[in-house]
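I have placed the structure first, in the form of C-alpha cells, so that the comments after it can refer back to it.
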Amino acid sequence: MTITLKLATSLDGRIATAAGESRWITGEASREAVHRLRAQHDAVLVGVETALADDPELTVRLPGYNGPQPARVVLDSRQRLSPDCRLVKGAREIPTYVVATIPPDRGLLAAGVRVLHVRAVGEDRPELRTVVETLAREGLSRLLVEGGGQVAASFVRCGLVDAIEWFRAPVLIGGEGRPAVGALAVAALAEAPHFRRTEVREVGDDLWERYERA
Ligand SMILES: NC(=O)c1ccc[n+]([C@@H]2O[C@H](COP(=O)([O-])OP(=O)(O)OC[C@H]3O[C@@H](n4cnc5c(N)ncnc54)[C@H](OP(=O)(O)O)[C@@H]3O)[C@@H](O)[C@H]2O)c1
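Quick note, my numbering runs 48 ahead of the 1-based positions in the sequence shown.
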C-alpha cells in the first residue's frame with residue numbers, strides 16, 4: 049500500500065476559514081493537477097467532516113478523460129454521512145466505502161455504499177492500520193488522502209504517509225483558519241515527522257511542493 053497525502057492550503061497552511069469555507073483556496077491549475085493525481089490512485093479518502101462540509105464527488109473530472117474512477121472512502125465511525133450527499137448518490141456507479149466502527153447502516157447499504165466495519169481505537173475511531181489492511185484486501189493499494197486536517201493528522205501520527213503533494217496558494221488565512229494537519233502530539237522537535245522535498249513546481253499562481261517520507 050502506498051499512501052499519499054494531498055494538501056491544498058493557504059501560504060500559512062490553512063485548508064479553510066474558521067467558518068469552514070474552503071472553496072477555492074488554490075487555483076484552477078492546482079485543482080486540475082489534483083484531478084490528475086486522483087487518476088493515478090485506486091482510492092481517494094476523506095474524513096466525514098469534509099464529506100459533510102463540502103459534499104464532494106472526489107472523481108476525476110478532466111477533459112477527455114475516460115479512464116477508471118478511483119473508489120471513494122469516507123472515515124465515518126458512526127455513519128453520519130447524509131443519504132442525500134453526492135458520494136452516496138453516486139455509489140452505484142463508483143465504488144464508495146464508508147469505514148465505520150458500528151454495524152452497517154441499512155440505508156447506506158441500500159444505496160450501494162460498501163460499509164467496512166473496523167475495530168475502534170481512541171475516540172471510537174477506526175484503527176487506521178486495520179483500515180489500510182482492509183482497503184488493501186479490497187484491491188485498493190494506492191490511496192490518496194485528501195483531508196481534512198484531523199484525518200491528515202491521524203495518518204501522519206500513525207506513520208502511514210509515504211508522500212505529500214502540497215498545493216500552496218499565495219493567500220494568508222491566519223490562525224483562526226482550520227489547519228491542514230491537526231494535532232500531532234509532538235513533544236520535541238526530534239520526534240516531529242520529517243519529509244524530504246523531491247520537487248517544486250509552479251502551477252498557475254500556486255506552488256506545488258512534493259515530499260516523500262525522510
Ligand atoms: N483545502 C482543502 O483542500 C480541503 C480538503 C479537505 C477538507 N477541507 C476542509 O476541512 C474541513 C474539515 O476538516 P476537519 O479536520 O474538520 O475534518 P475531517 O478530517 O474531514 O473529518 C474528521 C472526522 O472524521 C472522522 N474520523 C474517523 N476516523 C478518523 C480518524 N482515524 N482520524 C480522524 N478523524 C476520523 C471523525 O468523525 P467521527 O468520529 O464521527 O468518525 C472526525 O470528526 C472542512 O471545512 C473542509 O472544507 C479543505
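From the three backbone atoms N, C-alpha and C, an ideal C-beta is built for every residue, glycine too.
By alpha-carbon distance to E247, the top candidate from A99, V161, D124 and W214 is W214. Just so you know, the alpha carbons of L156 and A236 end up roughly 43 Å apart. For R126, the secondary structure class from DSSP, reduced to helix, strand or coil, is coil.
With respect to the 8 Å criterion, V234 and S78 are not classified as neighbours on the basis of their beta carbons. Contact annotation, H83 with R109: C-beta distance approximately 6 Å; criterion of less than 8 Å satisfied. Taking 7 Å as the cut-off, the C-beta of I73 counts as close to a heavy atom of ligand 1.
Here DSSP, grouped into helix, strand and coil, assigns G75 to coil. In terms of side-chain proximity, the C-beta atom of I63 is found nearer than 7 Å to a non-hydrogen atom of ligand 1.
Counting along the chain, E105 sits inside no alpha helix (DSSP H), nor does DSSP assign it H or E at all. Annotation: T182 is outside any beta strand (DSSP E); the continuous alpha helix (DSSP H) that includes it extends over L176 to R185. Counting along the chain, the unbroken alpha helix (DSSP H) around L135 starts and ends at R134 to K137. Within the same chain, and ignoring the five residues on either side of A211 in sequence, the residues whose Cβ sits closer than 6 Å to its Cβ are T52 and E260.
Here R226 is buried: its Cβ has 16 or more other Cβ atoms, across all protein chains shown, within 10 Å.
Taking every protein chain shown into account, the CB of L220 has fewer than 16 other CB atoms within 10 angstroms, so this residue is exposed. Just measuring C-alpha positions, the residue of G207, I142, A201 and H242 sitting nearest Q117 is I142.
DSSP places L53 inside the beta strand (DSSP E), whose first and last residues are T50 to T57. Taking 8 Å as the cut-off, the beta carbon of L176 is found closer than this to the beta carbon of F203. At least one heavy atom of ligand 1 lies closer than 7 Å to the C-beta of V94.
Within the stretch 174-255, the complete beta strand (DSSP E) segments of 3 residues or longer fall at 190-193, 211-216 and 243-251, listed in chain order.
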